[in-house]
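Trainee: Just dropping this structure here.
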Amino acid sequence: MTSQESGDSNQEILLKRYEVQQQLGKKAGRRTLLTRDLQTQELVVVKILSFNNEFEWNDLKLFEREAETLKALSHPAIPGYLDYFELDSPNSRGFALIQSYIPAKSLEAQLEAGRSFSEQEVKELAKAILEILKYLHGRQPPVIHRDIKPSNILLTNRSGNSVGEVYLVDFGSVQTIARRSSTMTVVGTYGYMPPEQFNGRATPASDLYSLGATLIYLVTGQHPGDLPQIDLRIEFEQVANISSGFRIWLRQMTEPIASKRLTSAEDALQALEQPGNATQTQRRATISTVSTVEKPLGSKVVLNKNVNFIEIIIPAISSWKMFIIVCFLFPFMMLPGLSTLFLIIALASDLDSLRIFLIIILFLFLVCFLGKILYILPELFGEMRLRITRQKISQTSNLFGIEHHRPLLSLKQNVTQLERTQFKINRPCLIIWAGKRNNYKIFANKLDSFSVTTPELNWLTHELSDWLGLPITEE
Numbered sequence: 012m013t014s015q016e017s018g019d020s021n022q023e024i025l026l027k028r029y030e031v032q033q034q035l036g037k038k039a040g041r042r043t044l045l046t047r048d049l050q051t052q053e054l055v056v057v058k059i060l061s062f063n064n065e066f067e068w069n070d071l072k073l074f075e076r077e078a079e080t081l082k083a084l085s086h087p088a089i090p091g092y093l094d095y096f097e098l099d100s101p102n103s104r105g106f107a108l109i110q111s112y113i114p115a116k117s118l119e120a121q122l123e124a125g126r127s128f129s130e131q132e133v134k135e136l137a138k139a140i141l142e143i144l145k146y147l148h149g150r151q152p153p154v155i156h157r158d159i160k161p162s163n164i165l166l167t168n169r170s171g172n173s174v175g176e177v178y179l180v181d182f183g184s185v186q187t188i189a190r191r192s193s194t195m196t197v198v199g200t201y202g203y204m205p206p207e208q209f210n211g212r213a214t215p216a217s218d219l220y221s222l223g224a225t226l227i228y229l230v231t232g233q234h235p236g237d238l239p240q241i242d243l244r245i246e247f248e249q250v251a252n253i254s255s256g257f258r259i260w261l262r263q264m265t266e267p268i269a270s271k272r273l274t275s276a277e278d279a280l281q282a283l284e285q286p287g288n289a290t291q292t293q294r295r296a297t298i299s300t301v302s303t304v305e306k307p308l309g310s311k312v313v314l315n316k317n318v319n320f321i322e323i324i325i326p327a328i329s330s331w332k333m334f335i336i337v338c339f340l341f342p343f344m345m346l347p348g349l350s351t352l353f354l355i356i357a358l359a360s361d362l363d364s365l366r367i368f369l370i371i372i373l374f375l376f377l378v379c380f381l382g383k384i385l386y387i388l389p390e391l392f393g394e395m396r397l398r399i400t401r402q403k404i405s406q407t408s409n410l411f412g413i414e415h416h417r418p419l420l421s422l423k424q425n426v427t428q429l430e431r432t433q434f435k436i437n438r439p440c441l442i443i444w445a446g447k448r449n450n451y452k453i454f455a456n457k458l459d460s461f462s463v464t465t466p467e468l469n470w471l472t473h474e475l476s477d478w479l480g481l482p483i484t485e486e
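Each residue of the sequence shown is one higher than the one before, starting from 12 at the first, in the working numbering.
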């Protein structure tokens, strides 16, 4: 196939049919042109991949995949496939993809022109894109866009309170899960790509992250890549004037760990339309949004975590606490000797009633002494281990390799709340509620139990909140 080109570049005609009107975009060996189909007199978009100095074979693979994907799709909010052909002329060699033209400006162009979006408009736009993603991710195999960003979302026909008709374009980075290979291909746009995409891997949840980052751009007016990040998490709350429910939803959409992110467009839609939880309306919820609480210097508490589990190990109490407890127990430690002395006196005495009384006192003293020793042994020489996996939560005390569960195991799905409270003066406590009755506690500044310092409790509270994706409630 050939292309014709006149002396005026504006009169370039491809394949004697597509008359170039203007250039819409250009990057690394690619051009996007607005053309008029001389047969139908309709405007169409022609994307050209040229064989030039910037050409790479991976570009051709992505270009062919885009054409193949668009050909299989049929959705009113996605450009329609029209044709695909090879260009072979002295002035232009490569491939061309023809698709329908949508007369609309991108989100990026509208923001640069000064348009602002209310929270309601941003939510309406989010729902429209999620409906498109439901269609794409519901295909067999699922289709992952991998490059959702403001310049790839078009808006038209704005009227009244409606944000307008929403379109998703540019499938040049598209991937189908069935086509995954061992060769990693990193595509996307910095600031809008989730961490796993930098490793060449993408899932439907990756598109949710990109959509969330795009919405953050709308509510802040700043590109996500320009906002501060802590542990790969976009810190947008301080510059976003939005409701707390929508702020939490955006946080869930842009979780850097894919397993903690909203996993499907259906879940994201449901969470957006039904925010909040009736069981928490009586409590004041706060989320750590400003900074991450660091582990206190000198802390002996061990924290292990990855995407599959979080584990907290609290070691035996410190030496100064042990000294206080030993002083407290000293009278009890003296009881066996005193009781033995009393017993000798009783045995040497002829008074049977005194003998029986002293024997009973000795027995009671021994029981109390042994009970107290058994109670504090784990605190003196053992460790407490709190472990939460994707399936369950457990808290055990370990003494000489013997584990004791207190309380019994619970399912992780039953964990509903992190409550920070005060048991007594200067005794902060974190309670992890697993159902209505079962709970797991971590104390601070308590002598007679496994405990941590208040700074350590603050650190552990925020680590658990981050891993579980739950707010910290205060009673």
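Where is the CB? At the ideal position from N, CA and C, for every residue including glycine.
So leucine 441 is in the beta strand (DSSP E); what residue range does that whole segment cover?
Mentor: It spans 438 to 445 - the beta strand (DSSP E) in which leucine 441 sits, taken as one unbroken run.
Trainee: Please classify lysine 58 as buried or exposed, where buried requires at least 16 neighbouring CB atoms within 10 angstroms.
Mentor: With 16 or more Cβ atoms within 10 Å of its Cβ, lysine 58 is classed as buried.
Trainee: Tell me the DSSP secondary structure of glutamine 433 in three-state form.
Mentor: Three-state result, glutamine 433: strand.
Trainee: Taking DSSP as the reference, what is the three-state secondary structure of serine 217?
Mentor: It is helical.
Trainee: Rounded to the nearest angstrom, how far is the Cβ of proline 261 from that of glycine 223, given a contact under 8 Å?
Mentor: It should be noted that the sequence gives leucine, not proline, for residue 261. Right, the Cβ-Cβ distance comes to about 6 Å (below 8 Å), so this counts as a contact.
Trainee: Report all residues from its chain with a CB closer than 7 Å to the CB of tyrosine 146; omit the five preceding and five following residues, and keep chain order.
Mentor: Only His86 meet the Cβ criterion.
Trainee: In this structure, does DSSP put leucine 108 in helix, strand or coil?
Mentor: Strand, per DSSP.
Trainee: Within this structure, are the beta carbons of lysine 160 and threonine 265 separated by less than 8 Å?
Mentor: Not in contact: lysine 160 and threonine 265 (Cβ atoms no closer than 8 Å).
Trainee: Please specify which runs of the beta strand (DSSP E), each continuous and at least 3 residues long, are wholly inside the stretch 130 to 172, giving them in chain order.
Mentor: If we require 3 residues or more, the beta strand (DSSP E) runs fully inside the stretch 130 to 172 come out as 164 to 167.
Trainee: Based on the DSSP secondary-structure assignment, which residues constitute the bridge partners of phenylalanine 487?
Mentor: Residue numbering for the chain in the displayed model covers 12 to 486; residue 487 lies beyond these limits and cannot be assessed.
Trainee: Where do the N-terminal and C-terminal ends of the alpha helix (DSSP H) with alanine 120 fall, by residue?
Mentor: Per DSSP, alanine 120 belongs to the alpha helix (DSSP H) from 118 to 123.
Trainee: Name the two residues that bound the continuous beta strand (DSSP E) containing arginine 47.
Mentor: It spans 41 to 48 - the beta strand (DSSP E) in which arginine 47 sits, taken as one unbroken run.
Trainee: On the DSSP letters alone, give me the boundaries of the beta strand (DSSP E) that serine 255 sits inside.
Mentor: Unbroken run through serine 255 is the alpha helix (DSSP H), 255 to 264; no beta strand (DSSP E).
Trainee: Could you check if serine 421 is buried or exposed, using at least 16 other CB atoms within 10 Å of its CB as the buried criterion?
Mentor: Buried.
Trainee: Closer than 8 Å by C-beta to glycine 480: which residues in its own chain qualify, once you throw out the five before and the five after it? Chain order, please.
Mentor: The residues are Gln263, Glu266 and Lys271.
Trainee: Indicate whether the contact test is met: 3 or more Cβ pairs, each with one atom in the stretch 67 to 84 and one in the stretch 167 to 175, closer than 8 Å.
Mentor: In short, these stretches do not touch, since the Cβ pair count stays below three.
Trainee: Mind checking which residues open and close the beta strand (DSSP E) that includes arginine 396?
Mentor: First-last of the beta strand (DSSP E) with arginine 396: 394 to 400.
Trainee: Excluding the five sequence neighbours on either side, which residues of its own chain have a C-beta within less than 8 Å of the C-beta of tryptophan 331, listed in chain order?
Mentor: Reliability fails at tryptophan 331, whose pLDDT of 46 lies under 50, so the model's placement of it is uncertain and the value that follows must be treated cautiously. Cβ neighbours of tryptophan 331 beyond the five flanking positions: none.
Trainee: By the three-class DSSP mapping on this structure, what secondary structure does glutamine 52 have?
Mentor: Here glutamine 52 sits in coil by DSSP.
Trainee: In this structure, does DSSP put asparagine 69 in helix, strand or coil?
Mentor: Asparagine 69 falls in the helix class under three-state DSSP.
Trainee: In whole angstroms, give me the CA-to-CA distance for leucine 136 and glutamate 142.
Mentor: Their Cα atoms are separated by approximately 10 Å.
Trainee: Do isoleucine 483 and arginine 431 have their beta-carbon atoms positioned less than 8 Å apart in this structure?
Mentor: Contact: yes.
Trainee: Should the stretch 108 to 119 be called in touch with the stretch 162 to 169, which here means at least 3 C-beta pairs below 8 Å?
Mentor: In short, these stretches touch, since the Cβ pair count reaches three.
Trainee: By Cβ distance below 6 Å, which residues in the same chain neighbour phenylalanine 434 in space, the five residues on each side in sequence not counted?
Mentor: Excluding positions up to five away in sequence, the list reads Cys440.
Trainee: Where isoleucine 324 and glutamine 428 are concerned, what is the direct C-alpha to C-alpha distance, given to the nearest angstrom?
Mentor: Cα to Cα, isoleucine 324 sits roughly 21 Å from glutamine 428.
Trainee: So, at 6 Å on beta carbons, what are the nonlocal neighbours of asparagine 69 in its own chain, with the 5 sequence-adjacent residues on each side left out?
Mentor: Within the same chain, asparagine 69 has no close Cβ partners at all.
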